[in-house]
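J.: Quick one: structure below, then a few questions.
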Amino acid sequence: MLRRQWLIARTIFVEALRRREIYAIVLITAGMLLLASLLRFFDLQGLHKFYHEVSLKVMTTATVLTVIVLAARQLPREFERRTIYTLLAKPIARWEFLLGKYVGVVLAGLFCLGLFMGVFCLGRLFTQAPLDWRLFGQFLFMQGLAIGCLAALSFLLSMLMGLDAAIVTAMLIYLLGQVMTNAMTVVYEFTGAAGRAVLITLNYLVPQPALFDLSAKVVHEWPPVPAWVLGLATLYCLMFVIPYLGLSYALFRRRAL
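End of the sequence shown sits at 295 in this note's numbering; the numbers just go up one at a time, nothing left out.
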């Protein structure tokens, strides 16, 4: 059973490796980071923080947007090309097919993140910027959780609306989510009962990507976060991934082939 899911996941992963867009984004990002690393020649204090902030924000945003596009197009593309009929004619359940697709997208996202982090580490050789590797490892772990969460969301949106609408909606949730957490905290105190109910509902229905972002702590050289924080973040991620994939499967199963 796991072998069938792994074969599907590997197919998605290999397909992602062949996409030129990923490498184009990496090259563009590498050029930006090269320019940022050249600032060390001005011998100004604190420029390593500027390098860290620019590089981490650009790389994580590019990775997440790549994952959203890759995840949202998986099922609609199969229906459009009618390749799903051939796949499901084989001894494979729909949930296995969906789970294999999801795992493949997450692996592709982690590969993309790994490429960016390789560029980031090479840039550090030029800037000689200090970096707490324990905190950096925690940053990568949290980004992996964000990738898994947003990939599941993109699968669900692709079953609820058109491909373009699903991509745009997922991107807006991610981009607006960077400030949504702070905004909801401020607005909550000034709203009535109905407004608070809406905010609470949104908080439980839509993930807050900012909660997975440790880039500010990396930039300002904070100490590593406690292990229980990583545990709660993992549970928070699963709180969205499991229902999103469950609803995606329910919609996928009800869809006529």
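From the three backbone atoms N, C-alpha and C, an ideal C-beta is built for every residue, glycine too. Only a predicted model underlies this, so the values are computations on that prediction, with no experimental measurement involved.
What are the boundary residues of the alpha helix (DSSP H) that includes I185?
T.: Your numbering for residue 185 matches position 147 in the sequence shown. I185 -> alpha helix (DSSP H) spans W171 to L198.
J.: What do you reckon, are the CB atoms on L94 and V256 nearer than 8 Å?
T.: Position 56 of the sequence shown, counted from the start, is the residue given in the question as residue 94. Position 218 of the sequence shown, counted from the start, is the residue given in the question as residue 256. Their beta carbons are under 8 Å apart, which means L94 touches V256 by this criterion.
J.: What's the gap between the Cα of T272 and the Cα of R48?
T.: Along the sequence shown, read from residue 1 onward, the residue named residue 272 stands at position 234. Along the sequence shown, read from residue 1 onward, the residue named residue 48 stands at position 10. So the alpha carbons of these two residues sit roughly 24 Å apart.
J.: Going by CA-CA distance only, name the one from G186, V96 and A204 that's closest to R143.
T.: Translated into positions along the sequence shown, residue 143 becomes position 105. Checking the sequence, you will find Val at residue 143 rather than Arg. Ranking the options by Cα distance to V143, first place goes to G186.
J.: Short of 6 Å in beta carbon distance, which residues of its chain neighbour R132, apart from the five on each side in sequence? Order them along the chain.
T.: Sequence index remark: in the sequence shown, residue 132 carries index 94 (1-based). Same-chain partners within the cutoff: F290 and R291.
J.: Excluding the five sequence neighbours on either side, which residues of its own chain have a C-beta within less than 6 Å of the C-beta of I63, listed in chain order?
T.: Counting from one through the sequence shown, the residue named residue 63 turns up at place 25. Here the set comprises A100.
J.: For the 8 Å Cβ check, are there 3 or more pairs between the region 261-270 and the region 162-178?
T.: Segments in contact, yes.
J.: If you follow the alpha helix (DSSP H) that A265 is part of, which residue opens it and which one closes it?
T.: Working through the sequence shown from its first residue, we reach residue 265 at position 227. Its alpha helix (DSSP H) spans residues A265 to R292.
J.: Report, in whole angstroms, the separation of the C-beta atoms of S192 and P114, which I expect to be a contact under 8 Å.
T.: Residue numbering aside, residue 192 sits at position 154 when the sequence shown is read from its first letter. Residue numbering aside, residue 114 sits at position 76 when the sequence shown is read from its first letter. About 11 Å separates the two Cβ atoms, so there is no contact after all.
J.: I106: which of A231, F154 and Y140 sits nearest, CA to CA?
T.: As a position in the sequence shown, residue 106 is number 68, starting the count at 1. Taking only the C-alpha atoms, the option nearest I106 is Y140.
J.: What's the gap between the Cα of M209 and the Cα of L145?
T.: Translated into positions along the sequence shown, residue 209 becomes position 171. Translated into positions along the sequence shown, residue 145 becomes position 107. If you take the alpha carbons of M209 and L145, they lie about 19 Å apart.
J.: Taking only the alpha-carbon atoms, compute the straight-line gap between V244 and F135 and give it to the nearest angstrom.
T.: For this step, residue 244 is matched to residue 206 along the sequence shown. For this step, residue 135 is matched to residue 97 along the sequence shown. Cα to Cα, the separation comes out at about 25 Å.
J.: Could you name the residues of the same chain whose beta carbon sits closer than 7 Å to that of L108, not counting the 5 residues immediately before and after it, in chain order?
T.: Taking the first residue of the sequence shown as position 1, residue 108 is located at position 70. If we look at L108 and ignore the five residues flanking it on each side, its Cβ neighbours are A54, V143 and A146.
J.: Determine the closest residue to A190 out of S286, Y212, L214 and A248, with distance taken between C-alpha atoms.
T.: Counted from its first residue, the sequence shown places residue 190 at position 152. Ranking the options by Cα distance to A190, first place goes to S286.
J.: Where does the unbroken alpha helix (DSSP H) through V256 begin, and where does it stop?
T.: Counting from 1 along the sequence shown, the entry for residue 256 is found at position 218. Here the alpha helix (DSSP H) through V256 covers S253 to V257.
J.: Can you round the beta-carbon distance between A110 and A184 to whole angstroms, since I take them to be within the 8 Å contact cut?
T.: Numbered from 1 along the sequence shown, position 72 holds the residue referred to as residue 110. Numbered from 1 along the sequence shown, position 146 holds the residue referred to as residue 184. The Cβ separation is near 16 Å, so there is no contact.
J.: Under three-state DSSP, which class holds T229?
T.: Translated into the one-based positions of the sequence shown, residue 229 becomes position 191. DSSP places T229 in coil when its eight states are reduced to three.
J.: Excluding five sequence neighbours on each side, which residues of the same chain lie with their C-beta closer than 7 Å to the C-beta of A288?
T.: The count along the sequence shown starts at 1 and reaches residue 288 at position 250. Excluding positions up to five away in sequence, the list is empty.
J.: Measure the CB-CB distance between T229 and L240 and report whether it falls below 8 Å.
T.: For the purposes of this step, residue 229 is taken as residue 191 along the sequence shown, with counting starting at 1. For the purposes of this step, residue 240 is taken as residue 202 along the sequence shown, with counting starting at 1. Not in contact: T229 and L240 (Cβ atoms no closer than 8 Å).
J.: Within 10 angstroms of the Cβ of C159, are there 16 or more other Cβ atoms? Answer buried if so, exposed if not.
T.: Taking the sequence shown and counting its residues from 1, one reaches residue 159 at position 121. Label assigned to C159: exposed.
J.: Within 10 angstroms of its Cβ, does H258 collect 16 or more other Cβ (buried), or is it exposed?
T.: By one-based count along the sequence shown, residue 258 stands at place 220. So H258 counts as exposed.
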